[in-house]
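Student:
In the working numbering, the protein residues as written are 44 to 103.
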């Protein structure tokens, strides 16, 4: 799958941010509201932030 560009947006009433998953990905990967993901955060050799989401629970 080719890379997609997303924008971090504020989450009303909190200091957390939301990253929107594009509809093409949610459709192809069958991601639904309520699915649960673990998150791994690291930086590469060029100091670029890398965020990896792994779905650990499908909301059926």
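The beta-carbon is built from N, C-alpha and C at its ideal position, and this holds for glycine as well.
1. Taking 8 angstroms as the limit between beta carbons, can you name the residues of its chain near residue 76, skipping five residues before and five after?
2. For a test of the three-state rule: what should DSSP assign to residue 79, helix, strand or coil?
3. I'd like the span of the beta strand (DSSP E) that includes residue 94, first residue to last.
4. If distances are taken between C-alpha atoms only, which option among 65, 55 and 59 comes closest to residue 44?
5. Considering only residues of the same chain and omitting the five flanking positions on each side of residue 53, which have a CB-CB separation below 7 angstroms?
6. Rounded to whole angstroms, what's the CA-CA distance from residue 100 to residue 81? Just pull it up for me.
Tutor: For this structure:
1. 102
2. strand
3. 92 to 100
4. 65
5. Taken in chain order, the residues that qualify are 60.
6. 9 angstroms
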